[in-house]
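**Q** Attaching a single structure in structure tokens format; questions to follow.
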Amino acid sequence: MAPVVVFVGGLGRSGSTLLERLLGELPGVCSIGETVHMWRRALVDDEPCGCGEAFSACPFWGKVGEVAFGGWDRVDPATVAELKGAVDRTRFLPRLTGATLGASLRAGVERYTEPYLRLYAAVREVSGAPAVVDSSKHASLAACLRWADGVDLRVLHVVRDPRAVAYAWTKRIPRPDATPTSPEQFMATYRPPEAAAHWLAQNTAFDRLAARGVPTLRIRYEDFVADPSGHLRQAARFAGVPEVPAGTLEGGVARLTPTHTVSGNPMRFRTGELAVRADEAWRTAPGAARRALVSLLTLPLRRRYDY
653 MAPVVVFVGG LGRSGSTLLE RLLGELPGVC SIGETVHMWR RALVDDEPCG
703 CGEAFSACPF WGKVGEVAFG GWDRVDPATV AELKGAVDRT RFLPRLTGAT
753 LGASLRAGVE RYTEPYLRLY AAVREVSGAP AVVDSSKHAS LAACLRWADG
803 VDLRVLHVVR DPRAVAYAWT KRIPRPDATP TSPEQFMATY RPPEAAAHWL
853 AQNTAFDRLA ARGVPTLRIR YEDFVADPSG HLRQAARFAG VPEVPAGTLE
903 GGVARLTPTH TVSGNPMRFR TGELAVRADE AWRTAPGAAR RALVSLLTLP
953 LRRRYDY
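Residues in the sequence shown are numbered from 653 upward in steps of one, following this note's numbering.
Take a look at the structure:
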């Protein structure tokens, strides 16, 4: 049976890490972070796992590497990067989300997704969890996986008000998981018009995947923080997890334990109690003109999502 892979998609800074962390606390679910970045950040830069250990020292990932590839030394990150550059790009989304795929692009997609399929199967075997959560977010990776055999792909599409997302992308935040060799010492930033363009491109692509028949559950960040328990139950059912344990998110408070996530928002290291509440700082932050510009640029899709 193909592993169930719940792909958390959407533009970053939309609350996807929060939802991923909460799903990862459920029995039968193993959350592994943003695998799209692991080939460089974990295998080359040895950035830490969500458990706190360096990737190379994490027993869980050591076992996964043995099962999937016969050891991580058998994986060439440069080859994965080359394959990614050939197919996993935003400019290929119109073709990847189409009704058919040309032979040349299909061959590239098959080569590129092969290590992901081996990774997901190994994570399921080592963790014993039927559902694997990949929070890579990128629509282009989800679109590649759409064509792959051997995976039960389910997209959890997380959307947030584009004005809030654009504001979040302006913040310059150090990456606590960066090592001296990491090329990215800070999280990426975008100017508001760039963030608006990415918001449109990513969300439009996920809508196209849903229209093509990829199982998709869309959750708005604002709805999720208003009723975290209800939406977590909905997401759990979508992932194939029959029950959410009693007391989960009691009083809107999450109880987070260490997880084996590779790459992602710094929140992946958070443990202990966390009150789930809306972040509305963008509404009163300086920059009314920028918010108005983002509102204009994203108007048609924003209204479709009831923003």
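Yeah, the Cβ is synthetic: ideal placement off N, Cα and C, and Gly gets one too.
#1: Check the DSSP bridge columns for F921 and list the partner residues they point to.
#2: What residues match up with T868 in a beta bridge as DSSP calls it?
#3: Who pairs with F838 in a beta bridge, going by DSSP?
#4: Would you be able to state if there are at least three C-beta pairs under 8 Å between the stretch 704-716 and the stretch 944-959?
#5: Work out the CA separation of A878 and G760 for me, nearest whole Å.
#6: Using 10 angstroms around the beta-carbon of D882, count the other beta-carbons present and answer buried if the total reaches 16, otherwise exposed.
#7: Return the Cβ separation of T950 and L852 in integer angstroms, given the expectation that the two are a contact with Cβ distance under 8 Å.
#8: With 16 as the cutoff for other CB atoms within 10 Å, does M690 come out buried or exposed?
#9: How should E686 be labelled, buried or exposed, when 16 other C-beta atoms within 10 angstroms of its C-beta is the threshold for buried?
#10: Using the rule of at least 16 other Cβ atoms within 10 Å of the residue's Cβ for burial, across every protein chain shown, is L948 buried or exposed?
#11: Our contact map puts T833 next to D697 with C-beta atoms below 8 Å; I'd like the distance itself, whole angstroms only.
#12: If we call anything under 9 Å between Cβ atoms a contact, is G939 one with R812?
#13: If we call anything under 9 Å between Cβ atoms a contact, is H850 one with C682?
#14: Whose C-beta lies closer than 6 Å to the C-beta of P700 among residues of the same chain, with five residues either side of it excluded?
#15: Going by the beta-carbon positions, is the gap between T765 and A800 smaller than 9 Å?
#16: Look at the Cβ atom of G892, then the Cβ atom of V688, and state whether they are nearer than 9 Å.
#17: Would you decide whether E672 is buried or exposed? Buried here means 16 or more other CB atoms lie within 10 Å of its CB.
#18: Does the distance from the CB of Y819 to the CB of P844 come in under 9 Å?
#19: Using the rule of at least 16 other Cβ atoms within 10 Å of the residue's Cβ for burial, across every protein chain shown, is A755 buried or exposed?
#20: Going by CA-CA distance only, name the one from E762, S787, P782, R776 that's closest to L670.
#21: Using CA atoms only, rank isn't needed, just tell me which of E677, S666, T831, S915 is closest to V896.
#22: Which residues mark the beginning and the end of the alpha helix (DSSP H) in which F721 is found?
#23: Taking C-alpha atoms, which residue in A694, G702, I825 lies nearest to D725?
#24: Thinking C-alpha only, which one of L953, R776, R827 is nearest G802?
**A** Concretely, from the data shown:
#1: Your numbering for residue 921 matches position 269 in the sequence shown. Paired residue(s): none; F921 is not in a bridge.
#2: Against the sequence shown, residue 868 aligns to sequence position 216. Paired residue(s): V807.
#3: The residue given as residue 838 occupies position 186 in the sequence shown. Note: F838 sits in a beta bridge opposite P826.
#4: No contact exists between the stretch 944-959 and the stretch 704-716.
#5: Walking along the sequence shown from the start, residue 760 turns up at place 108. Walking along the sequence shown from the start, residue 878 turns up at place 226. Rounded to the nearest angstrom, the two C-alpha atoms are 42 Å apart.
#6: Taking the first residue of the sequence shown as position 1, residue 882 is located at position 230. Here the sequence assigns Gly to residue 882, which means Asp is not the residue at that position. Exposed, since its Cβ has fewer than 16 Cβ neighbours within 10 Å.
#7: Working through the sequence shown from its first residue, we reach residue 950 at position 298. Working through the sequence shown from its first residue, we reach residue 852 at position 200. Right, their Cβ atoms sit about 6 Å apart.
#8: Start at 1 with the first residue of the sequence shown, and residue 690 comes out as number 38. Result: buried.
#9: Against the sequence shown, residue 686 aligns to sequence position 34. The residue is buried, with at least 16 neighbouring Cβ atoms inside 10 Å.
#10: The count along the sequence shown starts at 1 and reaches residue 948 at position 296. That one is exposed.
#11: Reading the sequence shown from its first residue, position 181 is the one you call residue 833. Reading the sequence shown from its first residue, position 45 is the one you call residue 697. The beta-carbon distance between T833 and D697, rounded to whole angstroms, is 5 Å. This is short enough to meet the 8 Å contact definition.
#12: In the sequence shown, residue 939 corresponds to position 287, counting from 1. In the sequence shown, residue 812 corresponds to position 160, counting from 1. For G939 and R812, no; Cβs fall outside 9 Å.
#13: Locating residue 850 in the sequence shown gives position 198, where the first residue counts as 1. Locating residue 682 in the sequence shown gives position 30, where the first residue counts as 1. In this structure, H850 sits away from C682, with a CB-CB distance that is not shorter than 9 Å.
#14: Start at 1 with the first residue of the sequence shown, and residue 700 comes out as number 48. The answer, listed in chain order, is A706, D829.
#15: Within the sequence shown, numbered from 1, the residue matching residue 765 stands at position 113. Within the sequence shown, numbered from 1, the residue matching residue 800 stands at position 148. In this structure, T765 sits near A800, with a CB-CB distance shorter than 9 Å.
#16: Numbered from its first residue, the sequence shown carries residue 892 at position 240. Numbered from its first residue, the sequence shown carries residue 688 at position 36. No, Cβ-Cβ distance for G892 and V688 is not below 9 Å.
#17: Indexing the sequence shown from 1 puts residue 672 at position 20. Label assigned to E672: buried.
#18: Locating residue 819 in the sequence shown gives position 167, counting from the first residue. Locating residue 844 in the sequence shown gives position 192, counting from the first residue. For Y819 and P844, yes; Cβs fall inside 9 Å.
#19: Counted from its first residue, the sequence shown places residue 755 at position 103. Taking a 10 Å sphere around the C-beta of A755, we find fewer than 16 other C-beta atoms and assign the residue as exposed.
#20: By one-based count along the sequence shown, residue 670 stands at place 18. Nearest of E762, S787, P782, R776 to L670, Cα basis: S787.
#21: The residue labelled residue 896 in the question sits at position 244 within the sequence shown. Nearest of E677, S666, T831, S915 to V896, Cα basis: E677.
#22: In the sequence shown, residue 721 corresponds to position 69, counting from 1. 711-721 is the extent of the alpha helix (DSSP H) around F721.
#23: To locate residue 725, count along the sequence shown from 1; it is residue 73. The residue with the shortest Cα to Cα distance from D725 is A694.
#24: Position 150 of the sequence shown, counted from the start, is the residue given in the question as residue 802. For G802, the nearest C-alpha among the options comes from R776.
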